[in-house]
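Read the structure below first, then the notes.
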Amino acid sequence: MDPIPQASYNHRLTMKEEDYLEAILNVSLTKGYAKSRDVAAELDVGPSSVGEMFAKLDKKGLVVYRKYEGVTLTESGRIIAEQVKFRHDVLVEFLEMVGVPCDIANKDACFMEHELSTVTIQKIREFVAAKKRN
1 MDPIPQASYN
11 HRLTMKEEDY
21 LEAILNVSLT
31 KGYAKSRDVA
41 AELDVGPSSV
51 GEMFAKLDKK
61 GLVVYRKYEG
71 VTLTESGRII
81 AEQVKFRHDV
91 LVEFLEMVGV
101 PCDIANKDAC
111 FMEHELSTVT
121 IQKIREFVAA
131 KKRN
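The sequence shown begins at 1 in full-length UniProt numbering and counts up one residue at a time.
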């Protein structure tokens with residue numbers, strides 16, 4: 001099993017900030033780049049909200065934001081985004097395994113990914129892996 005990605009960023013981020021980093025990563029993985037409109041669509045928010053958050057994340061050193069050009073994750077931003085995505089994916093897989101419908105599993109994982117401890121995520125991951133082997 002691959003280790004859970006660890007971030008070296010020392011400041012606590014809000015759920016919303018983590019969601020934006022994850023959305024930027026998801027859009028970048030799909031399209032190769034992330035523009036405001038794509039992230040807005042991913043999060044179902046307005047473009048002005050995206051611009052404001054991009055500026056905030058840029059100020060924190062988690063993204064490089066160029067108005068009208070889009071946004072890229074810094075190394076710290078990418079590590080955090082990968083960690084949040086990893087947690088999300090583990091939780092979705094677990095929730096679907098216990099019978100939660102996909103759309104609900106995704107929605108619930110969005111809340112859970114921010115609050116559960118690394119130990120809990122690791123134990124869920126081990127449980128899912130063991131179930132897959134059997």
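For glycine and all other residues, C-beta sits at the position ideal for the given N, C-alpha and C.
Rounded distance between the beta-carbons of residue j and residue i, thought under 8 angstroms
i: I80; j: E18; result: 7 angstroms
i: S76; j: L62; result: 6 angstroms
Neighbour-count burial assignment, residue i, 16 or more Cβ in a 10 Å radius
i: R125; result: buried
i: S117; result: exposed
i: F54; result: buried
i: A23; result: buried
i: R78; result: buried
i: V90; result: buried
i: residue 189; result: Residue 189 is absent from the model: the chain starts at 1 and stops at 134.
i: E115; result: exposed
Three-state secondary structure (DSSP) of residue i
i: T14; result: coil
i: residue 138; result: This structure gives no information on residue 138, because the portion of the chain shown stretches from 1 to 134.
i: T118; result: helix
i: V92; result: helix
i: V64; result: strand
i: A129; result: helix
i: T72; result: strand
i: Y9; result: Because the pLDDT of Y9 is 48, which lies under 50, any placement of that residue in the model is unreliable, and the number read from its coordinates should be weighed accordingly. Y9 falls in the coil class under three-state DSSP.
C-beta atoms of residue i and residue j nearer than 8 angstroms
i: residue 158; j: R87; result: In the structure displayed, the chain extends from 1 to 134; residue 158 sits before or after that span and is not available.
i: A25; j: K85; result: Residue 25 is actually Leu in this sequence, not Ala. It is a contact, given that the beta carbons lie within the stated cut-off.
i: L57; j: Y20; result: yes
i: V45; j: D38; result: no
Checklist entry - Between the stretch 113-133 and the stretch 90-101, do three or more beta carbon pairs fall short of 8 angstroms? => result Taking 8 angstroms as the limit for Cβ pairs, the verdict is that the stretch 90-101 does touch the stretch 113-133.
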